[in-house]
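> Residue numbers (this note's numbering), protein chains in the order written: chain A, 1 to 116; chain B, 117 to 263. Beta carbons: idealized from backbone N, C-alpha and C, even for Gly. Fair warning: this is a prediction, and the values are worked out from it, not measured in the lab. What follows is a single structure, and I will ask about it in a moment.
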């Protein structure tokens with residue numbers, strides 16, 4: 001059941017992005033930025049948490065979840081540190097993804113040769 | 117015929133079936149990406165006996181690693197050609213943009229090439245993610261104070 005839900009939600013988000021991409025002059029950079037902002041906005045009233053409960057990995061894998069995680073970490077830290085928590089907790093949940101992307105990206109760039 | 121007219125004409129002549137096919141492919145590849153993510157998530161939850169929350173970063177790291185490797189091997193672009201948004205919307209697209217930027221500017225050296233160009237495409241996601249999350253985080257904090 002989780003697999004079907006994951007498929008549907010992740011597919012739907014990508015489908016919406018493709019519709020925007022095909023019908024506007026926006027680049028993938030514009031669209032991913034837009035979706036990140038959308039993700040953090042949806043976390044404002046914990047809507048995205050509900051989406052993760054329902055769709056599991058399907059809601060965790062689109063870039064919207066990146067915005068959600070940034071927002072979520074920031075909000076969780078405000079409970080302990082007050083307003084400073086926004087900055088202190090910002091990367092709490094996304095650290096793994098960013099670190100992995102930088103590290104593996106660097107190693108790949110060192111080892112492999114560019115194709116194009 | 118100037119550039120503008122040409123673009124307009126090209127847009128009109130673009131078959132709409134093309135867009136339907138692109139949308140379907142994005143849905144299919146994006147959906148498959150969700151299923152793979154769910155599979156990896158379940159794998160870590162079962163093997164290491166952790167909650168979904170704890171398994172999430174492990175799943176992200178694994179998929180980012182695979183995406184970086186596929187980019188290095190030149191295979192990611194082949195998938196992206198068919199999948200469109202199905203490859204740039206999932207978190208793997210972020211890993212791909214970082215790796216391909218770094219790889220393409222390798223010839224400019226370690227510092228001015230790889231070091232400073234890595235975030236050329238992917239940086240926008242981080243910038244706007246942080247700006248929006250900061251603004252909304254402050255708004256949320258103020259709302260929580262007043263409530």
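Report yes or no: do three or more beta-carbon pairs, one from the stretch 159-172 of chain B and one from the stretch 193-204 of chain B, lie closer than 8 Å?
Touching, no, given that fewer than three Cβ pairs across the two stretches are closer than 8 Å.
> Compare the beta carbon distance of residue 208(B) and residue 179(B) with 7 Å and say whether it is the shorter of the two.
Against the second chain, residue 208(B) aligns to sequence position 92. Against the second chain, residue 179(B) aligns to sequence position 63. Contact: yes.
> By the DSSP assignment, the alpha helix (DSSP H) with residue 75(A) in it spans what residues?
Counting from 1 along the first chain, the entry for residue 75(A) is found at position 75. Residue 75(A) -> alpha helix (DSSP H) spans 64-81.
> Taking all protein chains shown into account, decide if residue 228(B) is buried (16 or more other Cβ within 10 angstroms of its Cβ) or exposed.
By 1-based counting over the second chain, the position of residue 228(B) is 112. Classification for residue 228(B): exposed.
> For a contact defined as C-beta to C-beta under 8 Å, what are the partners of residue 18(A) on chain B?
Here the question's residue 18(A) lines up with position 18 in the first chain. Simply 138, 139, 141, 142, 143, 200, 201, 202.
> According to DSSP, is residue 28(A) part of a helix, a strand, or is it coil?
Counting from one through the first chain, the residue named residue 28(A) turns up at place 28. In the structure shown, residue 28(A) sits in a helix (DSSP, three-state: H, G or I).
> Can you give me, in chain order, the residues of the stretch 37-48 of chain A that have a beta carbon less than 7 Å from any beta carbon in chain B?
So the close ones are 37, 40, 41, 44.
> Quick one: is residue 194(B) buried, meaning 16 or more other Cβ sit within 10 Å of its Cβ, or exposed?
Position 78 of the second chain, counting from 1, holds the residue named residue 194(B). By the 10 Å Cβ count, residue 194(B) comes out exposed.
> Against residue 84(A), what residues of chain B qualify as contacts under a CB-to-CB distance less than 9 Å, listed in chain order?
Position 84 of the first chain, counted from the first residue, corresponds to residue 84(A). Under the 9 Å cutoff, chain B gives no residues; its nearest Cβ is about 10 Å from residue 84(A).
> Indicate whether at least one CB of chain B lies closer than 7 Å to the CB of residue 96(A).
One-based indexing of the first chain puts residue 96(A) at position 96. Closer than 7 Å to some Cβ of chain B, the Cβ of residue 96(A) qualifies, so yes.
> Could you tell me which of 143(B), 119(B), 134(B), 138(B) sits nearest to residue 9(A), measuring between CA atoms?
By 1-based counting over the first chain, the position of residue 9(A) is 9. The option with the nearest alpha carbon to residue 9(A) is 143(B).
> Of all the options 137(B), 158(B), 123(B), which has the alpha carbon lying nearest to the alpha carbon of residue 1(A)?
To locate residue 1(A), count along the first chain from 1; it is residue 1. Closest by alpha carbon: 158(B).
> What is the C-beta distance between residue 154(B) and residue 68(A), in whole angstroms, given that I count them as a contact (C-beta under 8 Å)?
On the second chain, position 38 is the one that residue 154(B) refers to. On the first chain, position 68 is the one that residue 68(A) refers to. Actually they do not touch by this definition, with Cβ atoms about 17 Å apart.
> When the Cα atoms are used, what is the spatial distance from residue 92(A) to residue 113(A)?
The count along the first chain starts at 1 and reaches residue 92(A) at position 92. The count along the first chain starts at 1 and reaches residue 113(A) at position 113. Those two C-alpha atoms are separated by around 34 Å.
> Pair every Cβ in the stretch 94-106 of chain A with every Cβ in the stretch 60-74 of chain A, then say whether three or more of these pairs are closer than 8 Å.
Short answer: they touch.
> Taking a contact to mean a Cβ-Cβ separation below 7 Å, would you say residue 13(A) touches residue 205(B) in this structure?
As a working mapping, residue 13(A) is identified with position 13 in the first chain. As a working mapping, residue 205(B) is identified with position 89 in the second chain. Result yes, Cβ atoms of residue 13(A) and residue 205(B) sit closer than 7 Å.
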